[in-house]
Amino acid sequence: MKQTFKKILYGGDYNPNQWPREIWDEDMRMFQKAGINSATINVFSWAKIQPSEEVYNFSELNQIVSMLCRENYNIVFGTSTSALPAWMVKRYPEVARTDYEGRHHKFGQRHNACPNSPVYQKYVKELVTRLVKHYGDNEHVTCWHVNNEYGGECYCEKAFRVWLRKKYGTLANLNKAWNLEFWGHTVYSWDEIVLPNALSEGLEDDRTAFAGISIDYHRFMSDSMLENYKLERDTIKQYQPEALVTTNMMGTYKGLDYFKWAKEVDIVSWDNYPSYNTPWSYNAMCHDLMRGVKKMPFMLMEQTPSQQNWQPYNSLKKPGQMRAQSYQAMAHGADTIQFFQLRRSVGGCEKFHGAVIEHAGHENTRVFREVAQLGNELKKLNGYIPGSVKEAKVGIIFDWDNYWALEYTSGPHKDLKYVEQIHQYYEYFYKKNIAVNIIPTDDNFEQYDLVIAPVLYMIKEGVADALEKFVRRGGTLVTGFMSGLVDQSDNVYLSGYPGPLRSLAGVWVEEIDALAPEQKNTVAFKDGMKAGCRMLCDIIHLESAEMIAEYTSDFYSGTPSVTRNPFGEGQTYYIGTVCDEEALSKILNMAVTDAKISPVIDTETQLEITYRETDTGRLHFVINFKDEPQELPPQFAGERDLINDEVLKEGLQLKKYDVKIIFIKFA
Numbered sequence: 001m002k003q004t005f006k007k008i009l010y011g012g013d014y015n016p017n018q019w020p021r022e023i024w025d026e027d028m029r030m031f032q033k034a035g036i037n038s039a040t041i042n043v044f045s046w047a048k049i050q051p052s053e054e055v056y057n058f059s060e061l062n063q064i065v066s067m068l069c070r071e072n073y074n075i076v077f078g079t080s081t082s083a084l085p086a087w088m089v090k091r092y093p094e095v096a097r098t099d100y101e102g103r104h105h106k107f108g109q110r111h112n113a114c115p116n117s118p119v120y121q122k123y124v125k126e127l128v129t130r131l132v133k134h135y136g137d138n139e140h141v142t143c144w145h146v147n148n149e150y151g152g153e154c155y156c157e158k159a160f161r162v163w164l165r166k167k168y169g170t171l172a173n174l175n176k177a178w179n180l181e182f183w184g185h186t187v188y189s190w191d192e193i194v195l196p197n198a199l200s201e202g203l204e205d206d207r208t209a210f211a212g213i214s215i216d217y218h219r220f221m222s223d224s225m226l227e228n229y230k231l232e233r234d235t236i237k238q239y240q241p242e243a244l245v246t247t248n249m250m251g252t253y254k255g256l257d258y259f260k261w262a263k264e265v266d267i268v269s270w271d272n273y274p275s276y277n278t279p280w281s282y283n284a285m286c287h288d289l290m291r292g293v294k295k296m297p298f299m300l301m302e303q304t305p306s307q308q309n310w311q312p313y314n315s316l317k318k319p320g321q322m323r324a325q326s327y328q329a330m331a332h333g334a335d336t337i338q339f340f341q342l343r344r345s346v347g348g349c350e351k352f353h354g355a356v357i358e359h360a361g362h363e364n365t366r367v368f369r370e371v372a373q374l375g376n377e378l379k380k381l382n383g384y385i386p387g388s389v390k391e392a393k394v395g396i397i398f399d400w401d402n403y404w405a406l407e408y409t410s411g412p413h414k415d416l417k418y419v420e421q422i423h424q425y426y427e428y429f430y431k432k433n434i435a436v437n438i439i440p441t442d443d444n445f446e447q448y449d450l451v452i453a454p455v456l457y458m459i460k461e462g463v464a465d466a467l468e469k470f471v472r473r474g475g476t477l478v479t480g481f482m483s484g485l486v487d488q489s490d491n492v493y494l495s496g497y498p499g500p501l502r503s504l505a506g507v508w509v510e511e512i513d514a515l516a517p518e519q520k521n522t523v524a525f526k527d528g529m530k531a532g533c534r535m536l537c538d539i540i541h542l543e544s545a546e547m548i549a550e551y552t553s554d555f556y557s558g559t560p561s562v563t564r565n566p567f568g569e570g571q572t573y574y575i576g577t578v579c580d581e582e583a584l585s586k587i588l589n590m591a592v593t594d595a596k597i598s599p600v601i602d603t604e605t606q607l608e609i610t611y612r613e614t615d616t617g618r619l620h621f622v623i624n625f626k627d628e629p630q631e632l633p634p635q636f637a638g639e640r641d642l643i644n645d646e647v648l649k650e651g652l653q654l655k656k657y658d659v660k661i662i663f664i665k666f667a
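Under UniProt numbering, the final residue of the sequence shown carries the number 667; numbering is consecutive throughout.
Laid out in structure tokens, this is it:
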């Protein structure tokens, strides 16, 4: 168990510079009452601390830091580099980004810099150098928060060409990788390469005429922003080698390959903003993804205590919901609970975003009372949470190259979305209370008994061999439609679908039928059970696999829809269509049985039950997200709830959003 923080950090984004000085002391009084011990500062203050090219002014920031030190706060120190000051764009207009439509931006909003601008990089390094030299040796600076929610793609042609030269070496290699013989797109000079934007290869519905180009562009942009992060991190480490450095990620955000980014941060942090109708299973999946990208506990850098203004509908969290949501984050790996924001902004586009202190300006609000309740509860968990881990024998593959490739390619179905497919499989394990790790394609599969690989459309070098080795040694693999089709440049494998997975799956997919939204088919199992399927239907020929279920409609009625292939000591399930929940559950039940996977507890329940482990025992988190009361599983009767310090009684009913945390020592 590796412990990053001595205690649970509880706090969030704090911008006292937006308020008169006389309000600051009142903030400190209320924050103390709420149990807050951490503040994230200086996230958007570049224009304030560098009002012109030659002038830096740290006087107000000094006051803020001094105040937080007096109150013994853990300071998460922002670098302010995610929004340019106006003077920079005025003097160096080339520093602003160019968007997908080819428009070069003026000063405004945030994420407004081209990440490949030498001007931007120069002033970033100067700013961060001054910040770390000025504040880096302060014992209250717990962590450095680089930039903020990296995003805002820039379509910068020259830098893209430089990146492509490094990747491909020759134009012959590039022309082959992108298959530029198609539509006569062959290029004979590096400066003939144009960006895959709305003015060139862009099609409707986020599709593109040449997916290989768009995939490479997104690899390039992810790498470009990562280089910006590394520039800041390395500047901090130059003066403070032991400093903890992070940047806040955004769950399943499409733009950045977080598995690659996680290798460069000291600890993962992320911002969790579910909508009013986001399934709790999706929320859990995002936490597991953020834990999985670095395989260690993470910081919940942002969530809202009440409403989130970036949603179409700024719905309030119901009483108890924020608390339950916070404990769910901890259950899946969070070592911190932090909010955006601590005091609600008086103006700008986030003035309707929730905060610990609302516009009323006092603590007599429902939201403040709930924040204070949680803050006082978290103090009881400091000896258990920080550094505790979660292990799993099920791995679900998530891969940004596949994310980009599946959604940028033209066909076969415009409604096919990568994250939705991953979540459909994850939801099964969530409902069964089976622990899951979200894993990359280059993970060591040998540590798992069951690997789930939905829509593994792109098979990169070494992946098929690793999966074969895993199954041959006794592992169980579940894959299916839109898997094994293309290489890393989106060129189709010509060995017949599913390409490099064909022998592993024991099937040949001759054709893929795409169903319109109003069209359905049915899968029929050998035991007589039938359930619906939709969207895509692989027309499958058995090679070494056995049929588990068949289609019942259309010209391929009676042909396999689901198969199982013994392979070495293990087996591969191939699901050739988008199954309804009932059918998918039946198939995954078979896979779980083959892999000898057990849930956290044996009792059937609609409670979310997950765990984290310390060196001495296991923490069980029991949360009710259902509208109806749910009975506490009997194996927890007689155990002590750490939150309320009470012994749990048999038959206890947990109301909606109730939470129990039980620590059971190892035998």
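Ideal Cβ positions, reconstructed from N, Cα and C, are used throughout, including at glycine.
>> If I follow the unbroken beta strand (DSSP E) through Asn-74, where does it start and stop?
In response: The sequence position of residue 74 within the sequence shown is 74, counting from 1. Segment 74-78, the beta strand (DSSP E) holding Asn-74.
> In whole angstroms, what separates the C-alpha of Asn-437 from that of Ala-595?
Replying inline: Taking the first residue of the sequence shown as 1, we reach residue 437 at position 437. Taking the first residue of the sequence shown as 1, we reach residue 595 at position 595. Taking the straight line from one Cα to the other gives about 15 Å.
> Under a Cβ-count criterion, where at least 16 other Cβ atoms within 10 Å of its own Cβ denotes burial, should Lys-390 be classed as buried or exposed?
Replying inline: The count along the sequence shown starts at 1 and reaches residue 390 at position 390. So Lys-390 ends up on the buried side.
> Secondary structure at Asp-415, three-state DSSP: helix, strand or coil?
Replying inline: Position 415 of the sequence shown holds residue 415. DSSP places Asp-415 in coil when its eight states are reduced to three.
>> Can you look up Cys-143 in the DSSP assignment and give me helix, strand or coil?
In response: Position 143 of the sequence shown holds residue 143. Three-state result, Cys-143: strand.
> Taking all protein chains shown into account, do 16 or more other C-beta atoms lie within 10 angstroms of the C-beta of Tyr-313, making it buried, or fewer, making it exposed?
Replying inline: Within the sequence shown, residue 313 is the residue found at index 313, counting from 1. With fewer than 16 other Cβ atoms inside 10 Å of its own Cβ, Tyr-313 counts as exposed.
>> Our contact map puts Val-622 next to Ile-662 with C-beta atoms below 8 Å; I'd like the distance itself, whole angstroms only.
In response: The residue labelled residue 622 in the question sits at position 622 within the sequence shown. The residue labelled residue 662 in the question sits at position 662 within the sequence shown. That pair is a contact at about 7 Å.
>> For the alpha helix (DSSP H) containing Cys-286, name the first residue and the last one.
In response: As a first step, residue 286 must be located in the sequence shown, where it is residue number 286. Counting along the chain, the alpha helix (DSSP H) containing Cys-286 begins and ends at 280-292.
> Quick one: is Ala-334 buried, meaning 16 or more other Cβ sit within 10 Å of its Cβ, or exposed?
Replying inline: Translated into positions along the sequence shown, residue 334 becomes position 334. Looking at its Cβ environment, which holds 16 or more other Cβ atoms inside 10 Å, Ala-334 is buried.
>> In the DSSP output, which residue or residues are listed as bridge partners for Leu-300?
In response: By 1-based counting over the sequence shown, the position of residue 300 is 300. Note: Leu-300 sits in a beta bridge opposite Trp-270, Ile-337.
>> Residues in the same chain with beta-carbon distance under 7 Å from Thr-186, minus the five sequence neighbours each way, listed in chain order, please.
In response: Numbered from its first residue, the sequence shown carries residue 186 at position 186. Closer than 7 Å at the Cβ level, and outside the excluded window around Thr-186, lie Asn-175, Leu-180.
> Does DSSP put Thr-40 in a helix, in a strand, or in coil?
Replying inline: Position 40 of the sequence shown, counting from 1, holds the residue named residue 40. Strand at Thr-40.
>> Out of Gln-341, Trp-310, Met-535, which one is the CA nearest neighbour of Glu-420?
In response: Stepping through the sequence shown from its first residue, residue 420 is reached at position 420. Nearest C-alpha to Glu-420: Met-535.
>> Let me check one thing: in DSSP terms, what residues is Ile-575 bridge-paired to?
In response: The residue you call residue 575 lines up with position 575 of the sequence shown. Ile-575 pairs with Gly-480, Val-562.
> According to DSSP, is Val-119 helix, strand or coil?
Replying inline: Translated into the one-based positions of the sequence shown, residue 119 becomes position 119. Helix, per DSSP.
> Starting from Arg-534 and walking both ways along the beta strand (DSSP E), at which residues does that stretch end?
Replying inline: Mapped onto the sequence shown, residue 534 falls at position 534. Per DSSP, Arg-534 belongs to the beta strand (DSSP E) from 530-542.
> Looking at C-alpha atoms only, which residue of Gly-480, Asn-17, Asp-442, Pro-20 is the closest neighbour of Asp-465?
Replying inline: Within the sequence shown, numbered from 1, the residue matching residue 465 stands at position 465. Closest by alpha carbon: Asp-442.
>> On the DSSP letters alone, give me the boundaries of the alpha helix (DSSP H) that Thr-552 sits inside.
In response: The sequence position of residue 552 within the sequence shown is 552, counting from 1. Segment: none, Thr-552 is in no alpha helix (DSSP H) and carries neither H nor E.
> What is the rounded straight-line gap between the Cα of Gly-411 and the Cα of Asp-205?
Replying inline: For the purposes of this step, residue 411 is identified with residue 411 of the sequence shown, where counting begins at 1. For the purposes of this step, residue 205 is identified with residue 205 of the sequence shown, where counting begins at 1. The alpha-carbon of Gly-411 is positioned some 11 Å away from that of Asp-205.
>> Taking only three categories from DSSP, how would you classify Val-592?
In response: Taking the sequence shown and counting its residues from 1, the one referred to as residue 592 is at position 592. Correct three-state label for Val-592: helix.
> Looking only at C-alpha atoms, which of Phe-636, Leu-607, Thr-614 sits nearest to Tyr-657?
Replying inline: Here the question's residue 657 lines up with position 657 in the sequence shown. Selected option, being the one with the closest Cα: Leu-607.
> In whole angstroms, what separates the C-alpha of Tyr-155 from that of Asn-197?
Replying inline: Numbered from its first residue, the sequence shown carries residue 155 at position 155. Numbered from its first residue, the sequence shown carries residue 197 at position 197. One C-alpha to the other measures close to 8 Å.
> With C-beta atoms as the reference, is Asn-283 less than 8 Å away from Glu-350?
Replying inline: Mapped onto the sequence shown, residue 283 falls at position 283. Mapped onto the sequence shown, residue 350 falls at position 350. The answer is no: Cβ separation not under 8 Å.
> Leaving out five residues before and five after Ile-236 in sequence, what residues of the same chain have Cβ atoms less than 6 Å from its Cβ?
Replying inline: Taking the sequence shown and counting its residues from 1, the one referred to as residue 236 is at position 236. Here the set comprises Val-132, Trp-144, Ala-243, Val-245.
> Just curious, the beta strand (DSSP E) that Lys-33 is in, first and last residue?
Replying inline: Here the question's residue 33 lines up with position 33 in the sequence shown. Run containing Lys-33: none in the beta strand (DSSP E); it sits in the alpha helix (DSSP H), 21-33.
>> If we require 3 or more residues per run, which beta strand (DSSP E) segments fall completely within the stretch 224-278?
In response: 269-271
> If you scan the stretch 391-459 from start to end, which runs of the beta strand (DSSP E) of 3 or more residues do you find wholly inside it?
Replying inline: 394-397, 437-439, 450-452
>> Let me confirm a value: Trp-404 is counted as buried when at least 16 other C-beta atoms fall within 10 Å, else exposed. Which label applies?
In response: Within the sequence shown, residue 404 is the residue found at index 404, counting from 1. A residue is called buried once 16 or more other Cβ atoms fall within 10 Å of its Cβ, and Trp-404 is buried on that count.
> Can you check whether the CB of Val-394 is closer than 8 Å to the CB of Phe-429?
Replying inline: For the purposes of this step, residue 429 is taken as the residue at position 429 of the sequence shown. For the purposes of this step, residue 394 is taken as the residue at position 394 of the sequence shown. Cβ distance < 8 Å, so Phe-429 and Val-394 count as in contact.
> If you drop the 5 nearest sequence neighbours on each side, which residues of the same chain put their C-beta closer than 7 Å to that of Tyr-418?
Replying inline: For the purposes of this step, residue 418 is identified with residue 418 of the sequence shown, where counting begins at 1. So the list reads Asn-402, Tyr-403, Leu-406, Glu-407, Val-455, once near-sequence residues are dropped.
> Just reading off the beta strand (DSSP E) that Ala-545 is part of, what are its end residues?
Replying inline: Translated into the one-based positions of the sequence shown, residue 545 becomes position 545. Unbroken run through Ala-545: none, as it is neither H nor E.
> alpha helix (DSSP H) containing Tyr-100: first to last residue?
Replying inline: Taking the sequence shown and counting its residues from 1, the one referred to as residue 100 is at position 100. It is not in any alpha helix (DSSP H) - Tyr-100 carries neither H nor E in the DSSP assignment.
> Out of Asn-74, Cys-114, Tyr-100, Glu-60, which has the shortest C-alpha to C-alpha gap to Thr-81?
Replying inline: Position 81 of the sequence shown holds residue 81. Closest by C-alpha distance to Thr-81, out of Asn-74, Cys-114, Tyr-100, Glu-60, is Cys-114.
> Which residues in the same chain have their Cβ closer than 8 Å to the Cβ of Asp-487, if we skip the five residues on either side of it in sequence?
Replying inline: As a working mapping, residue 487 is identified with position 487 in the sequence shown. If we look at Asp-487 and ignore the five residues flanking it on each side, its Cβ neighbours are Met-458, Ile-459, Lys-460, Tyr-493.
>> I'd like to know whether the C-beta atoms of Asn-116 and Gly-152 end up nearer to each other than 8 Å.
In response: Counting from one through the sequence shown, the residue named residue 116 turns up at place 116. Counting from one through the sequence shown, the residue named residue 152 turns up at place 152. Cβ atoms of Asn-116 and Gly-152: not closer than 8 Å.
>> Mapping the DSSP letters down to three states, classify Glu-604 as helix, strand or coil.
In response: Within the sequence shown, residue 604 is the residue found at index 604, counting from 1. Residue state, collapsed to three classes: coil.
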